[in-house]
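Input: a single structure, listed below in structure tokens.
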Amino acid sequence: RMFDWLVGKVNESLSSNSSAKQNQVAFIGILDIFGFEVLQVNSFEQLCVNYCNEKLQAYFNDHVFRLEQEEYRKEGIDVNAIEFVDNEDRLKLLEGRG
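Mind the numbering: the sequence shown is residues 1 to 98 in the working numbering, read in order.
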């Protein structure tokens, strides 16, 4: 319910501002980049989108989790390890490395 309320408020705000800009359409796009989608039929285009999303997620995980934790350890900062799920095995398979 909160998500629906938030979307309604954003849409309301955008529509009130769009009257001044009659030739422009205002919108907000949301992209959830983690995880392969499971569909009845997946097109090649969807596979490419999923692959790119997974590469972005892998980059994010590597830089935000793994590399940051290494930097903390180098600096002697005591932090709890952050465990995260990655899809490296799927990426290797798609890239012919697995």
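No residue lacks a Cβ here, since even glycine has one placed at the ideal position from N, Cα and C.
Assignment of Gln69 by DSSP, reduced to helix, strand and coil, places it in the helix class. Here Ala58 is not near Gln69, since their CB atoms are 8 Å or more apart.
Of the other Cβ atoms in all chains shown, fewer than 16 fall within 10 Å of the Cβ of Glu95; this residue is therefore exposed. When C-beta atoms of the region 62–77 are compared with those of the region 40–53, fewer than three pairs fall below 8 Å, so the two segments do not count as touching. Residue state for Asn11 is assigned as helix, using DSSP reduced to three classes. Asp89 sits away from Asn61, with the two beta carbons spaced by 8 Å or more. Going by DSSP, Asn53 is part of the alpha helix (DSSP H) stretching over 44–61.
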